[in-house]
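Colleague:
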Amino acid sequence: MTLTASTLIGFLALLGSPQDDKTFQPILKKFREEYYKVGAKDDDKIAAVNYLAQHRHEKVVAELAPLLTEASLPVRIITARLLSQFTSVDSAPRELVASLKSQANSGKKQSSVRIEILRSLGVLRCKSAAAEVSKLVDDKEVWVAKAAIDACGRIRFAEAIEPLLKALKRIEGIAGDAEVNPLDDLIEGVGRGSLLKPDPNQKRPSERDVLKAPILAALSSITKQSFASAKDWDVWWAKNKSSFRMAD
Amino acid sequence: MNTMEKSCPTTEALAGWLQGTLSPQERSHLASHLAACDECRRAVAIASTIDAPPAAPVNEILLSRVVAASRPRRLVPLAAAAAAVLALGLGFTLFHKKDTTSPIPPRVAERPAYVEPGPVKPVAKPEDPRVVTPSPVATLPGPEIPKNPTVTEPPKDPVKPLLTEKPPDKPPTPVPETVVEPKPVVHVAPPPVTTPADILSLAPVFVIDPVGDLWLRRDQAEAKAVSLEKAAYKDKFATRNGGAAFSLEARTSVMLEKGSEVAFWHAKTDDIYSLALDHGLVMLDTEGSSQKWQISFGKSKLDFMNLNGRLAVESRGDRMSALLLDGTAELKIGSMAKKAQIGQEVVFSSEGTVVEQKVETQKKLARLDELRPKVFTAFNSTFDEKNDEFQPYPYAVVAGKRALGPTGFYLQADALAATKAGEKNSLSSEIHLDRGFGVVTGMVIRFRYRTSLPNFSVKIGNYSADVSSRVKVGQWNDAEIPLGAFSFEGTPMLPTDPVENVRFAGSTDKKSGQLDIDGVQFLRRVR
Numbered sequence: 002m003t004l005t006a007s008t009l010i011g012f013l014a015l016l017g018s019p020q021d022d023k024t025f026q027p028i029l030k031k032f033r034e035e036y037y038k039v040g041a042k043d044d045d046k047i048a049a050v051n052y053l054a055q056h057r058h059e060k061v062v063a064e065l066a067p068l069l070t071e072a073s074l075p076v077r078i079i080t081a082r083l084l085s086q087f088t089s090v091d092s093a094p095r096e097l098v099a100s101l102k103s104q105a106n107s108g109k110k111q112s113s114v115r116i117e118i119l120r121s122l123g124v125l126r127c128k129s130a131a132a133e134v135s136k137l138v139d140d141k142e143v144w145v146a147k148a149a150i151d152a153c154g155r156i157r158f159a160e161a162i163e164p165l166l167k168a169l170k171r172i173e174g175i176a177g178d179a180e181v182n183p184l185d186d187l188i189e190g191v192g193r194g195s196l197l198k199p200d201p202n203q204k205r206p207s208e209r210d211v212l213k214a215p216i217l218a219a220l221s222s223i224t225k226q227s228f229a230s231a232k233d234w235d236v237w238w239a240k241n242k243s244s245f246r247m248a249d
Numbered sequence: 096m097n098t099m100e101k102s103c104p105t106t107e108a109l110a111g112w113l114q115g116t117l118s119p120q121e122r123s124h125l126a127s128h129l130a131a132c133d134e135c136r137r138a139v140a141i142a143s144t145i146d147a148p149p150a151a152p153v154n155e156i157l158l159s160r161v162v163a164a165s166r167p168r169r170l171v172p173l174a175a176a177a178a179a180v181l182a183l184g185l186g187f188t189l190f191h192k193k194d195t196t197s198p199i200p201p202r203v204a205e206r207p208a209y210v211e212p213g214p215v216k217p218v219a220k221p222e223d224p225r226v227v228t229p230s231p232v233a234t235l236p237g238p239e240i241p242k243n244p245t246v247t248e249p250p251k252d253p254v255k256p257l258l259t260e261k262p263p264d265k266p267p268t269p270v271p272e273t274v275v276e277p278k279p280v281v282h283v284a285p286p287p288v289t290t291p292a293d294i295l296s297l298a299p300v301f302v303i304d305p306v307g308d309l310w311l312r313r314d315q316a317e318a319k320a321v322s323l324e325k326a327a328y329k330d331k332f333a334t335r336n337g338g339a340a341f342s343l344e345a346r347t348s349v350m351l352e353k354g355s356e357v358a359f360w361h362a363k364t365d366d367i368y369s370l371a372l373d374h375g376l377v378m379l380d381t382e383g384s385s386q387k388w389q390i391s392f393g394k395s396k397l398d399f400m401n402l403n404g405r406l407a408v409e410s411r412g413d414r415m416s417a418l419l420l421d422g423t424a425e426l427k428i429g430s431m432a433k434k435a436q437i438g439q440e441v442v443f444s445s446e447g448t449v450v451e452q453k454v455e456t457q458k459k460l461a462r463l464d465e466l467r468p469k470v471f472t473a474f475n476s477t478f479d480e481k482n483d484e485f486q487p488y489p490y491a492v493v494a495g496k497r498a499l500g501p502t503g504f505y506l507q508a509d510a511l512a513a514t515k516a517g518e519k520n521s522l523s524s525e526i527h528l529d530r531g532f533g534v535v536t537g538m539v540i541r542f543r544y545r546t547s548l549p550n551f552s553v554k555i556g557n558y559s560a561d562v563s564s565r566v567k568v569g570q571w572n573d574a575e576i577p578l579g580a581f582s583f584e585g586t587p588m589l590p591t592d593p594v595e596n597v598r599f600a601g602s603t604d605k606k607s608g609q610l611d612i613d614g615v616q617f618l619r620r621v622r
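First to last, the protein sequences are chains A and B. Going left to right, the first sequence walks through residues 2 to 249 as the working numbering numbers them. Going left to right, the second sequence walks through residues 96 to 622 as the working numbering numbers them.
(1) Hey, how far is the Cα of R77 of chain A from the Cα of G438 of chain B?
(2) Return the bridge partner residues of I116 of chain A from the DSSP annotation.
(3) Rounded to whole angstroms, how far is the Cβ of F471 of chain B from the Cβ of E382 of chain B, which I believe are closer than 8 angstroms?
(4) Mind listing the chain A neighbours of P487 of chain B? Cutoff is C-beta to C-beta under 7 angstroms, in chain order.
(5) Suppose you measure from the CA of F581 of chain B to the CA of D561 of chain B; what does that come to, to the nearest Å?
(6) Report yes if the CB atom of W49 of chain B is closer than 8 angstroms to the CB atom of P299 of chain B, and no otherwise.
(7) Whole angstroms are fine: how far does the CA of C153 of chain A sit from the CA of I555 of chain B?
(8) Within 10 angstroms of the Cβ of G608 of chain B, are there 16 or more other Cβ atoms? Answer buried if so, exposed if not.
(9) Using DSSP bridges, identify the partner residues of F443 of chain B.
(10) At a Cβ threshold of 8 angstroms, is L506 of chain B touching chain A?
(11) Go ahead and label N241 of chain A buried or exposed: buried means 16 or more other beta carbons lie within 10 angstroms of its beta carbon, across all protein chains shown.
(12) Can you confirm whether P206 of chain A, when its beta carbon is compared against all beta carbons of chain B, has any partner nearer than 8 angstroms?
(13) Mapping the DSSP letters down to three states, classify V454 of chain B as helix, strand or coil.
(14) Straight-line CA distance for S112 of chain A to H374 of chain B?
(15) Please confirm whether T456 of chain B has its beta-carbon closer than 8 angstroms to some beta-carbon of chain A.
(16) So, is the C-beta of K225 of chain A closer than 8 angstroms to a C-beta in chain B?
(17) Spell out the partners DSSP gives D561 of chain B in its beta bridges.
(18) Do you know whose CA, among B:M378, B:E352, B:D314, lies nearest L343 of chain B's CA?
(19) I believe A108 of chain B touches L125 of chain B by the beta-carbon criterion, under 8 angstroms. Please report the beta-carbon distance rounded to the nearest angstrom.
(20) Verify whether the separation of the beta carbon atoms of E425 of chain B and A417 of chain B is less than 8 angstroms.
(21) Given that V535 of chain B touches chain A, what residues does it touch there, using C-beta distances under 9 angstroms?
(22) When you compare the CB of P94 of chain A with every CB in chain B, is at least one pair closer than 8 angstroms?
(23) Is E425 of chain B helix, strand or coil when you go by DSSP?
(24) For L343 of chain B, which residues does DSSP report across the bridge?
(25) Please report the residue range of the alpha helix (DSSP H) in which I367 of chain B lies.
(26) Between S221 of chain A and L420 of chain B, what straight-line distance do the alpha-carbon atoms span, to the nearest angstrom?
(27) Using a Cβ-Cβ cut-off of less than 8 angstroms, list which residues of the stretch 351 to 372 of chain B approach chain A; keep chain order.
(28) Run down chain B in chain order and give the residues with a C-beta less than 7 angstroms from the C-beta of E117 of chain A.
(29) Using beta carbons (cut-off 8 angstroms, strictly below), is Q616 of chain B in contact with chain A?
(30) Taking the alpha-carbon positions, what's the G579 of chain B to M588 of chain B distance?
(31) Classify P593 of chain B as helix, strand or coil using the three-state DSSP reduction.
(32) Below 7 angstroms CB to CB, which residues in the same chain sit around R82 of chain A once its five sequence neighbours on both sides are set aside?
(33) Under a CB-based cut-off of 8 angstroms, is S103 of chain A close to chain B?
(34) In three-state terms, what does DSSP make of P487 of chain B?
(35) If you follow the beta strand (DSSP E) that P577 of chain B is part of, which residue opens it and which one closes it?
(36) If we cut at 8 angstroms on Cβ distances, does P468 of chain B have a partner in chain A?
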């Protein structure tokens, strides 16, 4: 019996890496040839990443992970988006969280990368990302904050409640009146031209317009409660904080 | 003119036109009508291919263009003038041939691909149910572009050169029923081996945006290829003094090297495009989509399944080579199937012998880039398209309606009243592309708009861009927006993102507003 079990374990261990190597070697080789070929443009690189991401495996995640911090912004965004499909690969959310924390994605110009990573973490319902996601609920970049709020609602973790309530209180005050430009200078390298110059007479949505509904939706998703204002949420939270348990 | 007029002549009158039995006055009146009425001109053209006496002097390619002339054009007056002369010329030719006793030439009857499937119908066409004239509730009355005056005196035979158009170095007209190849030293592949059943399933292909020295040869007729040219399996595309390029049905970019001759056709049942190269070099670029291609050479066939990339096919006398320049494909030779390798040239003879060898691809890729069209149209809609005709860019209007203006149809937004207090009334229109495509770097959307709103948004999927109107109410203006300027909550639209719909929307405090859109195009400009 013991011999049979150990034989099986040994066989499975043997089955692991060499077989994977054989399977993934040509795929990785082809990806590298396409991605790193001389003169490859973003379109070529994105096509190569799309090709590789069809194969959901740890080895693929390991190959794609460096791109999240080292590639051009469009490639980083596409890579983050594609990793959201790796639901059964444990290393995918880990790599996404690492790249979210990375210095390489911390600047204003990299906001769109952070947004896409937050969306992917939400799709993956990555509980281990809770701390990082909740930190960004009150980010100064409105669209980053919105992506973090949406991710909180999808992942559903109790640690997000207080940052969400804090953000709700803030935008219900004067701070929520600040206008949000739909483009908001987040997109690098796009010449808007005269056609897209914002009309000075046009009223832009405020932070409150953009963030209030997502915050209420996220709080409702986590707590299964429904209130319309920060005051009501505060009252409920004060009563239930100590005994709160996440409902399935 | 887009729809058949109520004053269209009777079937008998049109038959009289073809038979030459009309009085000079009736004939003159009918000629004027034909110049302006697409439906009647089309009916006459189709009828003439069935009933007419020998059409040997008539250029087959031009004849098909007359049939296709019912397709609406932006330049209505020019098209009307050209069509008038063509219709007159055709009618004149047929009229004078009427008395000949020659039998109907079989080649006309044998080529159903050139005959439009629609019935010969000189009776009034029912109104398009989608056509709605501008509603005063939805739109503010704006000054319409004045309708161009009817052409009373057509220019002096403006299309006559077309009828005699020949390439500068074209060999002398061959004796009928004798096939004379222009370059006999070069091996000419025999026509593809097809059974009658195969032929019936072969659809002609459409040429879009041809550039360079591209000619279309049909039997003994030859003409420079034009946009929306229709070519069947018997037709040959040829280049003479320089290279040429075109888009095959807005799906594949085709580049022909100088001195090439090639035929294309499409098996609709399996959605396979076929290519038979007589001589020269032809290169294909599937522009990011996966396609099935079959390369024919004598009895040999080579299948590239799921080709997504660039392929070069070159004739070398009694052999032909196919080379995947980049991208991916599955190669099928007879019963053998395998993954095509970039730079692995497959050389095959007409007898079926296949040899593979490694070759350099860079020079061919560089040449492909030189020849390829600098602008690639991924989508184009004028809203004048007709349901019964080939549409290279099929689409459906899912919000708003097609409305008729003096220069053709345009897309008029639906007006939606606010449902809650404090909300604004909104205007929106949307088209859904039947054949979506992926964004590539440098792609732009172009359209014309006419609006009473100070600004409106254009939305593609989740991504949107705002447009600030810079023109007076009622005036048409052109807009061009790079797709990179479209964003969704802080993230830009990126290469490979799908384009499957376009929505135009705006809001207004007023009771009514106007948001009209025309000429929507997606273009990729090569840097």
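Every residue gets a Cβ at the ideal spot worked out from N, C-alpha and C, and that includes glycine.
Modeller: Short version:
(1) Start at 1 with the first residue of the first sequence, and residue 77 of chain A comes out as number 76. Start at 1 with the first residue of the second sequence, and residue 438 of chain B comes out as number 343. Distance between the alpha carbons of R77 of chain A and G438 of chain B is about 30 angstroms.
(2) For the purposes of this step, residue 116 of chain A is taken as residue 115 along the first sequence, with counting starting at 1. DSSP output for I116 of chain A lists no bridge partner at all.
(3) Position 376 of the second sequence, counted from the first residue, corresponds to residue 471 of chain B. Position 287 of the second sequence, counted from the first residue, corresponds to residue 382 of chain B. So it is a contact: roughly 7 angstroms between Cβ atoms.
(4) As a working note, residue 487 of chain B is residue 392 in the second sequence. Here the premise fails: no neighbours, minimum Cβ distance about 23 angstroms.
(5) Taking the second sequence and counting its residues from 1, one reaches residue 581 of chain B at position 486. Taking the second sequence and counting its residues from 1, one reaches residue 561 of chain B at position 466. Their backbone Cα atoms lie some 9 angstroms apart in a straight line.
(6) Past the boundaries of the shown model lies residue 49 of chain B; chain B is included only from 96 to 622, so the question cannot be answered.
(7) For the purposes of this step, residue 555 of chain B is taken as residue 460 along the second sequence, with counting starting at 1. For the purposes of this step, residue 153 of chain A is taken as residue 152 along the first sequence, with counting starting at 1. Distance between the alpha carbons of I555 of chain B and C153 of chain A: 27 angstroms.
(8) Here residue 608 of chain B is taken as the residue at index 513 of the second sequence, counted from 1. Burial call: buried.
(9) Looking up residue 443 of chain B in the second sequence gives position 348. DSSP lists B:M415, B:V449 as partners of F443 of chain B.
(10) Counted from its first residue, the second sequence places residue 506 of chain B at position 411. No - not a single Cβ of chain A is within 8 angstroms of the one on L506 of chain B.
(11) Taking the first residue of the first sequence as 1, we reach residue 241 of chain A at position 240. By the 10 Å Cβ count, N241 of chain A comes out exposed.
(12) Taking the first sequence and counting its residues from 1, the one referred to as residue 206 of chain A is at position 205. No, no contact with chain B.
(13) Position 359 of the second sequence, counting from 1, holds the residue named residue 454 of chain B. Reduced to three states, the DSSP call for V454 of chain B is coil.
(14) Here residue 112 of chain A refers to the residue found at position 111 of the first sequence. Here residue 374 of chain B refers to the residue found at position 279 of the second sequence. So the alpha carbons of these two residues sit roughly 54 angstroms apart.
(15) As a working note, residue 456 of chain B is residue 361 in the second sequence. Chain A contact via Cβ: absent.
(16) Stepping through the first sequence from its first residue, residue 225 of chain A is reached at position 224. No, K225 of chain A does not count as interfacial toward chain B.
(17) Counted from its first residue, the second sequence places residue 561 of chain B at position 466. According to DSSP, D561 of chain B bridges with B:S552.
(18) For the purposes of this step, residue 343 of chain B is taken as the residue at position 248 of the second sequence. Among B:M378, B:E352, B:D314, the Cα nearest to that of L343 of chain B belongs to B:M378.
(19) Numbered from 1 along the second sequence, position 13 holds the residue referred to as residue 108 of chain B. Numbered from 1 along the second sequence, position 30 holds the residue referred to as residue 125 of chain B. Right, their Cβ atoms sit about 6 angstroms apart.
(20) The residue given as residue 425 of chain B occupies position 330 in the second sequence. The residue given as residue 417 of chain B occupies position 322 in the second sequence. Their beta carbons are not under 8 angstroms apart, which means E425 of chain B does not touch A417 of chain B by this criterion.
(21) Here residue 535 of chain B corresponds to residue number 440 of the second sequence, with the count starting at 1. Chain A residues near V535 of chain B: D44.
(22) If you number the first sequence from 1, residue 94 of chain A lands on position 93. By this cut-off, P94 of chain A is not an interface position.
(23) Along the second sequence, read from residue 1 onward, the residue named residue 425 of chain B stands at position 330. E425 of chain B: strand per DSSP, three-state reduction.
(24) Locating residue 343 of chain B in the second sequence gives position 248, counting from the first residue. BP columns for L343 of chain B point to B:V302, B:T347.
(25) Translated into positions along the second sequence, residue 367 of chain B becomes position 272. First-last for I367 of chain B: 367 to 374, but that is the beta strand (DSSP E), not the alpha helix (DSSP H).
(26) The residue given as residue 221 of chain A occupies position 220 in the first sequence. The residue given as residue 420 of chain B occupies position 325 in the second sequence. S221 of chain A and L420 of chain B: Cα-Cα distance of roughly 54 angstroms.
(27) none
(28) Here residue 117 of chain A corresponds to residue number 116 of the first sequence, with the count starting at 1. By Cβ distance, chain B contributes T586.
(29) Residue numbering aside, residue 616 of chain B sits at position 521 when the second sequence is read from its first letter. Output row for Q616 of chain B: interface = no.
(30) Along the second sequence, read from residue 1 onward, the residue named residue 579 of chain B stands at position 484. Along the second sequence, read from residue 1 onward, the residue named residue 588 of chain B stands at position 493. Cα to Cα, G579 of chain B sits roughly 5 angstroms from M588 of chain B.
(31) For the purposes of this step, residue 593 of chain B is taken as residue 498 along the second sequence, with counting starting at 1. P593 of chain B falls in the strand class under three-state DSSP.
(32) Sequence index remark: in the first sequence, residue 82 of chain A carries index 81 (1-based). Contacts found: E117, S121.
(33) If you number the first sequence from 1, residue 103 of chain A lands on position 102. Not one chain B Cβ lies under 8 angstroms of S103 of chain A.
(34) As a first step, residue 487 of chain B is located in the second sequence; it is residue number 392 there, counting from the start. Correct three-state label for P487 of chain B: coil.
(35) Working through the second sequence from its first residue, we reach residue 577 of chain B at position 482. 572 to 577 is the extent of the beta strand (DSSP E) around P577 of chain B.
(36) Working through the second sequence from its first residue, we reach residue 468 of chain B at position 373. By this cut-off, P468 of chain B is not an interface position.
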